[in-house]
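The next block holds one structure in the form of structure tokens; read it before the comments.
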Amino acid sequence: MEQIVLIASFLVPLVLSAVIFYNARGNTSKKILSLSMLNAAAVFIANYYYFIRDFEVYTFMHSAHVALVLFIYPSLYFYLEHLTGRLNLSKKMLIHLIPGFLFFILYFLSFDIKFSHAERTDFLNTYRNELFANEEFRFIEWIRIINVAVIVLQVIYYSTAIFIESHRYNMRVKNEFSNAESLQIKWLSWFNMALIAVAILSVLFYVVNPFSDANNTLLIVSMFAMSVFIWLIGIWGNAQSAIKLPCEEAPEPRPDNNYETLYAKLLESLITEKLYLKPDLTLSELARTSGTNRTYASQAINAIYKGNFSSFVNAYRVKAAETLLKESPDLNMEIIAEQSGFGSVLTLERNFVKHIGISPGKIKKSLV
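The number in our numbering is simply the position in the sequence shown, starting from 1, with 112 added.
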């Protein structure tokens with residue numbers, strides 16, 4: 113059973129890497145995710161040889177294994193940053209990879225080069241139970257402790273950065289798309305929490321766990337849980353469509369700074385032409401229809417409506433849906449959601465509760 117679990121740990125991300133790369137077709141974000149899955153597969157292949165205690169083979173992987181572990185979080189961060197439009201592939205990315213390359217060089221020079229294959233194998237067999245017992249390997253043991261500290265710092269940094277980016281991204285989506293809910297990366301916050309859980313497992317694996325037959329199964333389960341988390345990221349990422357957010361337009365001189373006047377124009381276009389019934393309505397489109405740019409349109413909505421663009425448009429969709437409910441109570445919710453401009457029944461229900469404090473289902477029951 114343990115063999116099956118260990119093999120699945122690297123086989124699934126390996127397959128996911130190939131599937132995601134095949135589906136990328138010009139989607140750079142998915143190509144980054146594919147490489148991330150490939151990196152994870154390599155980590156779990158090394159874990160496989162480590163857990164079955166085949167140190168004769170693992171000793172050749174050890175230095176690379178250390179580096180690849182330090183590439184996991186940056187590679188997933190690259191994917192998320194590129195997906196949300198905040199990261200362009202450049203030399204700046206290499207800064208995030210420095211810890212992995214640095215520890216690879218340290219281990220390669222002080223472990224692979226300095227000691228024979230037999231000595232390295234002996235160290236890997238005994239170092240967890242005899243920490244600092246062998247003076248020859250004391251430097252390696254200190255490198256390992258520092259390595260664990262760097263992993264902890266990585267998780268703190270990247271989980272914080274991902275939380276900030278997810279919030280920033282969701283706000284940008286709400287300020288541009290009327291049906292923002294369908295475009296949000298809903299699993300981003302779960303990813304962030306799972307990242308912290310993985311950190312705990314990592315620390316457990318590198319620091320707390322002594323290698324013995326008694327707890328070998330527990331450690332394999334811990335590593336398998338980490339692998340499953342990686343699978344989910346790959347599966348969700350493969351299903352995620354590329355998202356293109358508009359660039360902020362350069363400010364242009366306006367004849368006046370009267371937000372009330374501009375807001376009135378936006379409102380007139382939205383209501384007169386019933387643009388709110390378009391599920392794919394964007395702020396840019398409404399701004400063009402009103403004779404302004406999206407930057408000023410956004411400022412006017414935020415200043416007068418005191419909310420984001422998505423909420424602004426959905427308030428009128430709720431009114432349209434409420435009218436449909438009262439005029440045709442026999443219509444099912446799917447048709448009402450579609451005809452009032454909502455992307456889904458779930459979005460319709462959430463906006464009803466948000467804007468009028470009652471679900472459409474309750475309104476419908478009261479009319480029957």
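For each residue, glycine too, the CB sits at the ideal point set by N, CA and C.
Taking Cβ positions, are Ser271 and Phe251 nearer each other than 7 Å? No, they are not a contact pair.
What whole-angstrom Cβ distance do Ser290 and Phe464 have, given they're in contact under 8 Å? Their Cβ separation, rounded to whole angstroms, is 16 Å, which puts Ser290 and Phe464 out of contact at 8 Å.
Looking at Phe190 and Ile157, is the spacing between their C-beta atoms short of 7 Å? Not in contact: Ile157 and Phe190 (Cβ atoms no closer than 7 Å).
Bridge-paired residues (DSSP) for Phe289: Answer is Thr394.
CB Ala306 to CB Phe341, shorter than 7 Å? Their beta carbons are under 7 Å apart, which means Ala306 touches Phe341 by this criterion.
Only counting the same chain, and skipping five residues up and downstream in sequence, which positions put a Cβ closer than 8 Å to that of Tyr417? Tyr375, Ser423 and Phe424, listed in sequence order.
Looking at Leu395: is its Cβ nearer than 7 Å to the Cβ of Glu288? Taking the C-beta atoms as reference points, Glu288 is found nearer than 7 Å to Leu395.
Could you tell me whether the segment 117 to 133 touches the segment 145 to 156, using the rule of 3 or more Cβ pairs below 8 Å? Between the segment 117 to 133 and the segment 145 to 156 there are three or more inter-stretch CB-CB distances shorter than 8 Å, so the stretches are counted as touching.
From what residue to what residue does the alpha helix (DSSP H) around Gln95 run? Because the chain in this structure spans residues 113 to 480, residue 95 falls outside the shown range and cannot be described.
Alpha carbon to alpha carbon, what distance is there between Ser478 and Ser452? Each residue's Cα considered, the two are about 20 Å apart.
Ile297 to Val267, Cα distance in whole Å? Answer to the nearest angstrom: the Cα atoms are 20 Å apart.
Straight-line gap, Val169 to Phe216 (C-alpha atoms, nearest Å): Phe216 has its alpha-carbon roughly 17 Å from the corresponding atom of Val169.
Judging by CA-CA distance, which residue of Thr238, Thr140, Ile332 and Lys377 is the nearest neighbour of Ala120? That would be Ile332, whose Cα lies nearest to the Cα of Ala120.
Selection from Asn282, Thr407 and Ala309 that minimises the alpha carbon distance to Tyr185: Nearest of Asn282, Thr407 and Ala309 to Tyr185, Cα basis: Ala309.
Separation of Thr196 from Ser353, as counted between CA atoms: Roughly 11 Å between the two C-alpha positions.
CA-CA distance, His467 and Arg429? The straight-line gap from Cα to Cα measures roughly 10 Å.
Evaluate Leu145 with the Cβ neighbour count: other Cβ atoms within 10 Å of its Cβ, from every protein chain shown; 16 or more gives buried, anything less gives exposed. With 16 or more other Cβ atoms within 10 Å, it is buried.
In chain order, each alpha helix (DSSP H) run of at least 4 residues that lies wholly inside the segment 396 to 472: Here the runs fully enclosed are 406 to 412, 421 to 439, 445 to 451 and 457 to 468.
Verify the CB distance criterion: does Phe156 have a CB-CB separation below 7 Å to chain B? Protein chain content of the structure displayed is limited to a single chain, and chain B is not contained in it.
Check whether Ala481 and Tyr371 have beta carbons under 7 Å apart: With the chain running from 113 to 480 in the structure shown, residue 481 is simply not present.
From Ser141 to Leu344, what does the alpha carbon distance come to, in whole angstroms? Each residue's alpha carbon lies about 16 Å from the other.
Delimiting residues of the alpha helix (DSSP H) encompassing Ile207: Unbroken alpha helix (DSSP H) run through Ile207: Leu206 to Tyr219.
For Gly197, which three-state DSSP category applies? Reduced to three states, the DSSP call for Gly197 is coil.
Three or more C-beta pairs below 8 Å linking the segment 381 to 389 and the segment 444 to 462: In short, these stretches touch, since the Cβ pair count reaches three.
Nearest-angstrom Cα distance between Ala362 and Thr407? Here the model assigns Ala362 a pLDDT of 47, short of 50, so the residue's position is not dependable, and the following value carries that caveat. Taking the Cα positions, Ala362 is about 8 Å away from Thr407.
Starting from Met149, follow the alpha helix (DSSP H) in both directions and report where the run begins and ends. First-last of the alpha helix (DSSP H) with Met149: Thr140 to Phe163.
Given this structure, state the Cα-to-Cα distance separating Met149 from Ile263, to the nearest angstrom. Rounded to the nearest angstrom, the two C-alpha atoms are 19 Å apart.
Considering only the alpha carbon of each residue, which of Leu236, Thr435 and Gly349 lies closest to Leu188? For Leu188, the closest of Leu236, Thr435 and Gly349 by C-alpha to C-alpha distance is Gly349.
Are the CB atoms of Thr233 and Phe275 nearer to each other than 7 Å? Result no, Cβ atoms of Thr233 and Phe275 do not sit closer than 7 Å.
Local Cβ density within 10 Å of Glu193, reported as buried at 16 or more and exposed below that: With at least 16 other beta carbons inside 10 angstroms of its own, Glu193 counts as buried.
Verify whether the separation of the beta carbon atoms of Ile255 and Leu218 is less than 7 Å. Yes, the Cβ-Cβ distance between Ile255 and Leu218 is below 7 Å.
Rounded to the nearest angstrom, what separates Gly403 and Arg284 at their Cα positions? Approximately 22 Å between the Cα atoms of the pair.
Note down, in chain order, each residue of its chain lying with its Cβ closer than 6 Å to the Cβ of His177, except the 5 sequence neighbours on either side. Taking His177 as the centre and dropping the five residues before and after it, the same chain places the C-beta of Ala158 closer than 6 Å to its C-beta, in chain order.
Would a C-beta distance cut-off of 7 Å place Leu118 and Tyr160 closer than the cut-off? By the CB criterion at 7 Å, Leu118 and Tyr160 fall inside the cutoff.
Leu379 to Gly419, Cα distance in whole Å? Approximately 14 Å, taken between the alpha carbons.
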